[in-house]
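Just so you know, the protein sequences line up as chains Z and A, in that order.
Take the first sequence: its letter number 17 is residue 17 in the numbering used here, and every next letter is one higher.
Just remember that the numbering used here sits 1000 ahead of the position in the second sequence, which is counted from 1.
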Amino acid sequence: MSEHIVSIKLYYAIWTALLLLTGITAGVAFIDLGPFNTVVALVIATLKAVLVLLFFMHLKYASEKMTSVVVISAIFWLLLLLALSLADYSTRPLGVS
Amino acid sequence: MSDSPAIVESHNPAQQHHFADMEQQRQAASLGMWLFLATEVMFFGGMFCAYLIYRYWYYPEFAAGSKTLDIWLGAINTGVLICSSLTVALSVRAAQFGKRKLLVTLLVATILLGLVFLGIKGVEWASKFEEHHVPGYSFHFEPQAHSHSNAEIDPQRIQIFFSLYFAMTGIHALHMVIGVGLFAVLTFYAWKGRYGAAYYTPIENAGLYWHFVDIIWIYLFPLLYLIDRKK
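Right under this line is the structure:
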């Protein structure tokens, strides 16, 4: 079997980290950080998503290089969609559709 | 000549004839699942893009709408989904070791956690109906007097926040319902002993789907519930 078997300890560690990060993101939301509230919330969410991807979804141990290509492409397409749309809407006068 | 040990050894009943061996079959199925998830990223991406644009335009209304959501129910639901992701990850491991009873137990635990998530979500939706926060003719929003006194809040724009809230959490919940159905079928076959160390691809791929739905919620929670909580 080329498929990697992850140890139970690591699964519990990731699980604990994910629960802690959920608590932190809910708590930090009540602290006034100005515009950085959104930044912190998105950084924590991305950190959690990366933990799930790498360990729960076994991306870190994937033997097939194509899997990484698919994941990177999906993220690239998403960023392309969001970035180009915002480049349009954020340079229009406010409220003009 | 037909009892050549190499042939007898390599033939697993789950192997399709067009694959050279089980490993190739597993890799092909895995790649196909990841490709499907890439299309799901694009599917949800459209809604995230709409959310981004309207949040940029109507920030005060999005903040006011977000404050009416129950942050604790949202946080608890995030925890429930994370626990269900753990049970799924452990169930793949149980299948890899061929532990049938543990596998069935973990799959049932996943289904139960998924149903708890949907139940809490249902409670949240019901309260939105009671508060007339569902977009439509009966929509009504009473701006809180003490907050955002300087910013004009347009109820029409808050409807857009709630439309996106219901669309995004609704499509997410639909994915959860499909996931629970998938795991119900897998539990049946796992009970009958179909999965073991040599063949557990369906468990693995359903797990990938479940983790993906978890990741979507990981983003939905801060984007919908935590927009402007600071006092």
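Ideal placement from N, C-alpha and C gives every residue a C-beta, glycine not left out.
Less than 8 Å between the beta carbons of residue i and residue j, yes or no?
{"i": "I1210(A)", "j": "S1030(A)", "result": "Just to set this straight, residue 1210(A) is Trp in the shown sequence, not Ile. No. Outside cutoff."}
{"i": "I1203(A)", "j": "S1091(A)", "result": "yes"}
{"i": "E1124(A)", "j": "L1073(A)", "result": "yes"}
{"i": "R1055(A)", "j": "A29(Z)", "result": "no"}
{"i": "A1075(A)", "j": "T38(Z)", "result": "no"}
{"i": "I1227(A)", "j": "S1127(A)", "result": "no"}
{"i": "I960(A)", "j": "H1172(A)", "result": "The question about residue 960(A) has no answer, for chain A in this structure spans 1001 to 1231."}
Using the beta-carbon of each residue, which ones in chain Z are nearer than 8 Å to residue i?
{"i": "G1045(A)", "result": "W77, L78, L81, L82"}
{"i": "L1208(A)", "result": "M57"}
Where does residue i land, buried or exposed, given buried means 16+ other C-beta within 10 angstroms?
{"i": "T1187(A)", "result": "buried"}
{"i": "H1011(A)", "result": "exposed"}
{"i": "L1081(A)", "result": "buried"}
{"i": "S15(Z)", "result": "Per the sequence shown, residue 15(Z) should be read as Trp rather than Ser. Per the 10 Å Cβ criterion, buried."}
{"i": "Q1027(A)", "result": "buried"}
{"i": "G1032(A)", "result": "exposed"}
Which residues in chain A sit within 7 Å of residue i, going by Cβ to Cβ distance?
{"i": "F36(Z)", "result": "By Cβ distance, chain A contributes nothing, its closest Cβ being about 11 Å from F36(Z), past 7 Å."}
{"i": "Y89(Z)", "result": "I1053, Y1056"}
Could you work out which residues of chain A lie near residue i, taking near to mean beta carbons separated by less than 8 Å?
{"i": "A74(Z)", "result": "L1037, A1038, V1041, M1042"}
{"i": "V52(Z)", "result": "S1085, H1211, D1214, I1215, I1218"}
In three-state terms, what does DSSP make of residue i?
{"i": "N1205(A)", "result": "helix"}
{"i": "E1023(A)", "result": "helix"}
{"i": "T91(Z)", "result": "coil"}
{"i": "D1214(A)", "result": "helix"}
{"i": "A76(Z)", "result": "Checking the sequence, you will find Phe at residue 76(Z) rather than Ala. Of the three classes helix, strand and coil, the one that applies to F76(Z) here is helix, per DSSP."}
{"i": "A62(Z)", "result": "coil"}
{"i": "Q1156(A)", "result": "helix"}
{"i": "S1138(A)", "result": "coil"}
{"i": "I5(Z)", "result": "coil"}
{"i": "A1198(A)", "result": "coil"}
{"i": "I1076(A)", "result": "helix"}
Just the chain Z side, please: which residues come within less than 7 Å of residue i by C-beta, in chain order?
{"i": "A1089(A)", "result": "Y11, F56"}
{"i": "P1222(A)", "result": "T25, A41, L42, A45"}
Mind pulling the chain A residues with CB within less than 9 Å of residue i?
{"i": "L19(Z)", "result": "T1078, G1079, I1082, C1083"}
{"i": "V70(Z)", "result": "L1031, W1034, L1035, L1037, A1038"}
Please confirm whether any heavy atom of the ligand SAH lies closer than 7 Å to the CB of residue i.
{"i": "E64(Z)", "result": "The ligand content of the structure shown is nil, which means the ligand SAH is not present either."}
task = Determine, using beta-carbon pairs with one atom in the stretch 1129-1138 of chain A and one in the stretch 1174-1190 of chain A, whether at least three such pairs fall under 8 Å.
result = The answer is no - the stretch 1174-1190 of chain A does not touch the stretch 1129-1138 of chain A, with fewer than three Cβ pairs under 8 Å.
ask   = When the Cβ atoms of the stretch 1037-1045 of chain A are set against those of the stretch 1098-1117 of chain A, are three or more pairs found closer than 8 Å?
value = Contact between the stretch 1037-1045 of chain A and the stretch 1098-1117 of chain A is absent, with fewer than three C-beta pairs closer than 8 Å.
message = Measuring CB atoms only, is the stretch 31-41 of chain Z touching the stretch 54-71 of chain Z, in the sense that at least three cross pairs come out at less than 8 Å?
response = Judged by pairs of C-beta atoms under 8 Å, the stretch 31-41 of chain Z does not touch the stretch 54-71 of chain Z, as fewer than three such pairs exist.
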